[in-house]
Amino acid sequence: MATAVMTTLDPKSRSAARGMSDLSIRNLFIIPTIVFLIVFNIFPLLYSLGYSFTDFRASSPAAANFVGLQNYRELLNDLFIWSNFAITAKYVIVSVVGQVVVGFGVALLLNRDIPLKGLLTTLLLLPMMLSMAVVGLFWKLLYDPSFGIINYTLGLGSFEWLSNPDMALYAVAITDIWMWSPFVMLLSLAGLSAVPKHLYEAAAIDRAGSFYTFFRITLPLVAPILMIAIIFRTMEAFKTFDLAYILTSQPTTEVISIRLYKMAFQEWQTGRSCALAYIVLIMILAITNIYVKYLNKVKER
Amino acid sequence: MRKTVTSMLAGIGLVLACGTSVYAQDKELTIFWAEWDPANYLQELVNLYEAESGVKVTVETTPWSDFQTKAFTEFNAKGSAYDMVVGDSQWIGAASEAGHYVDLTDFFNKHNLKEVMAPATVKYYAEYPSNSGKYWSIPAEGDAVGWSYRKDWFEDPKEMEAFKAKYGYDLGVPKDWKQLRDIAEFFHRPDEKRYGVAIYTDNSYDALVMGVENAIFSFGGELGDYATYKVDGIINSEQNVKALEAYKELYSFTPPGWAKAFFIEDNQAITENLAAMSMNYFAFFPALINEASNPNAKATGFFANPPGPNGDQFAALGGQGISVVSYSQNQEEAMKFLEWFIKDETQKKWAELGGYTASAKVLESPEFQNATPYNKAFYETMFKVKDFWATPEYAELLIQMNQRVYPYITGGQGTAKEVLDALAADWNATFKKYNRVK
């Protein structure tokens, strides 16, 4: 069946001269990828699932003992872990909503004929091309209460962005919004430029207001691609580590991946951290599934 | 085409052959340590070893925040990248029980290092379990927490007069924690951008815990009974509650944004005219008497951690011992290096370069004690130091302490008693999990 849909090899090509069939060329390309995926993704995934039911510690030569669901039970009863999840949820909401509002807003502004549009778009994309660690380090300087440019510009005196437990998570989210809004902007721009012009012309003839045009034409047509941006950003925000780790060490910014890192590589509770990683994985899968269902619904419209 | 390939292969072969022969001639040792000044001093020291023996020794470093993770990742993988490691004192349980360190008991006894090195360094850097007579490291960098202060601020006649009028006694080096608090309060003037005190608050590794330990130990408290793993009534004792409250009060006299401060920030507090007093490891004091790194070098003084209300005087131990990694392929060479390292003249040279030797003879010499303004305080402190748990699960204990104490110190959440009761419960649960207690 698979061979039937493949185009045939040009009989004059070098590969054909060497006696390679379509099938062998297909295998040549696909098998390494599959082997790579199995060795580096599927195998560790299953292996760590096994570990999650044991008390294994990578730092100890002692053999792993099967403990059943104990790791899962204890993790789900741990108040600190729940507070890590709550922090992560808050971070995801603030950061993704911020990115969508800013990114889509900038895309709307750019979706018209303006001089130097190409250059402007490229410049706006710069933040997301930087390394997370670099962004974290220089935003730490920008936020500094004594000499940071943010307090200086906004006239906030010595406002403590990162050491104030209530503010720190928002400060991290603002940095994330700055860095990743361009990504939402880029996808939105692609969606916006694909909206047929004649729809706007028809709306203009019908004297539709700009509010009506936006909600009835622009938004529904851009929605599928915007949803994809939201899915990507939600998954990324849920897994966020670098920015929060570099910027601040407040307990109020200890998102779940930081807790996971500490559990796995500082405490060396390998079995338990595997269980936590699975809990996180299941949550991300569930959230993504909800989004994908919604995406399909939007597409059907 | 075939000719080109053949000649290229021949070329590669030749390079490899030469490379191997060079490699076989030169013996190399790698020591792993954290990225800080003493590691640079150690590199200078081992260069002398290379000149003597022809064995090249490299001190490889990584930032403090990654040090533990990177070292244990390498150990757990049974990697041979490092021949020796200058590991933190609290690692010794985890590393010895898991077989990452070579047992140095015979070496220790052969050279009578129990007598040669200062007692506290032997107890905390080398021996595990406590009082077992089994040794895993050679005390290398002695260290403890001390204090630096601005002599010019303290000796300003106007300040002295105002201080005496307010508190009823003379302004000077604090004689106890009460005076430390008063002086911090006195110099805390946010409108002048001057603050009372700089303390450790970073909760990513052991900084905050070390800072709190200074208060706890000097208030006469303990973290627990290290032999029986009993913590109830010890970590949440009356003294510890008072000590934690005192540390929290000091936090209110720190510069703005002081919720993630460790050694860099605490030294900056002195160099940038931010604070009157600053807590730091002795290992970071060389930078404070160097005019290139501290414009206030001449006006900087030092003192040992002051006693608490009952006259107990202790300090949190820092510092590390040097251990041979079990997976090293150059263990024999590493042992030869250690033989050289423990020699009196090497230890003397080590102290001259800026390293904090643990050699009792060097520490006691007037030459050492008068070499810098803080060496005498260091010598005194090294005989009254206490350390954190060294059990294999110390990292969990550390994180639990950070989780409980940090929100209280920096965010004012809960009371000291609630925090320490909760911590006692956490630690009990951890010890139960590892069958340390029944």
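Residue numbers (our numbering), protein chains in the order written: chain Y, 1 to 301; chain W, 302 to 739.
We treat Cβ as the ideally placed atom computed from N, Cα and C, and that holds for glycine.
Treat the numbers as computed from the prediction; the structure is a model and nothing was measured.
- Residue 414 of chain W is not a Cβ neighbour of residue 654 of chain W, given a cutoff of 7 Å.
- Residue 525 of chain W is a Cβ neighbour of residue 532 of chain W, given a cutoff of 7 Å.
- Contact between the segment 624 to 634 of chain W and the segment 368 to 388 of chain W is present: three or more C-beta pairs spanning the two stretches fall below 8 Å.
- The CB of residue 162 of chain Y comes closer than 8 Å to the CB of 558, 560, 561 in chain W, given here in chain order.
- Rounded to the nearest angstrom, the Cβ distance from residue 168 of chain Y to residue 252 of chain Y is 6 Å, consistent with a contact under 8 Å.
- For residue 373 of chain W, the neighbours in chain Y by C-beta distance under 7 Å run, in chain order, 59, 268.
- Cβ atoms of residue 515 of chain W and residue 617 of chain W come within 8 Å of each other, at about 5 Å.
- For residue 629 of chain W, no alpha helix (DSSP H) encloses it, and the DSSP letter there is neither H nor E.
- Counting only residues of its own chain and dropping the five nearest sequence neighbours on each side, residue 44 of chain Y has no CB closer than 8 Å to any other CB.
- Between the beta-carbon of residue 146 of chain Y and that of residue 557 of chain W there is about 7 Å, and that keeps the pair under the 8 Å contact cut.
- When C-beta distances to chain W are compared with 8 Å, the residues of the segment 258 to 282 of chain Y below that value are 262, 265, 266, 267, 268, 269, in chain order.
- Per DSSP, reduced to three states, the secondary structure at residue 595 of chain W is coil, with no helix or strand assignment.
- Looking at Y:297, Y:293, Y:280, the one whose alpha-carbon comes closest to that of residue 82 of chain Y is Y:280.
- The beta carbons of residue 575 of chain W and residue 496 of chain W sit closer together than 7 Å.
- Taken through DSSP and simplified to helix, strand or coil, residue 176 of chain Y comes out as helix.
- Think of a sphere of 7 Å around the beta carbon of residue 712 of chain W: the chain Y residues whose beta carbon falls inside it are 165, in chain order.
- Think of a sphere of 7 Å around the beta carbon of residue 248 of chain Y: the chain W residues whose beta carbon falls inside it are 561, in chain order.
- With respect to the 7 Å criterion, residue 565 of chain W and residue 439 of chain W are not classified as neighbours on the basis of their beta carbons.
- By the Cβ neighbour-count rule, residue 209 of chain Y is exposed, with fewer than 16 other Cβ atoms within 10 Å of its own.
- When the Cα atoms are used, residue 580 of chain W and residue 609 of chain W turn out to be separated by approximately 16 Å.
- In the structure shown, residue 283 of chain Y adopts helical secondary structure according to DSSP, grouped into three states.
- Within the segment 75 to 102 of chain Y, contact with chain W at the beta-carbon level (separation under 9 Å) is assigned to 80.
- Put simply, the backbone Cα of residue 680 of chain W is about 7 Å away from that of residue 670 of chain W.
- Residue contact check for residue 594 of chain W against chain Y: no CB pair falls below 7 Å.
- Look at residue 220 of chain Y: its C-beta is not under 7 Å from any C-beta on chain W.
- For residue 94 of chain Y, same chain residues with a beta-carbon under 6 Å away, outside a window of 5 residues either side, are 173 in chain order.
- Bounds of any alpha helix (DSSP H) do not take in residue 418 of chain W, whose DSSP letter is neither H nor E.
- The Cβ-Cβ distance between residue 358 of chain W and residue 330 of chain W falls below 7 Å.
- The bridge partners DSSP lists for residue 388 of chain W are W:622.
- Secondary structure of residue 329 of chain W (DSSP, three-state): strand.
- A direct Cα-Cα distance of roughly 12 Å separates residue 170 of chain Y from residue 88 of chain Y.
- In this structure, residue 267 of chain Y lies away from residue 84 of chain Y, with their beta-carbon atoms at least 7 Å apart.
- Residue 246 of chain Y is classed as buried because its beta carbon has at least 16 other beta carbons within 10 Å across all chains shown.
- Judged by DSSP secondary structure, residue 475 of chain W falls outside any alpha helix (DSSP H); it is assigned neither H nor E.
- Along the segment 390 to 406 of chain W, the positions whose C-beta sits under 9 Å from a C-beta of chain Y are 395, 396, 398, 399, 400, 401, read in chain order.
- DSSP places residue 610 of chain W in the coil class of the three-state scheme, outside both helix and strand.
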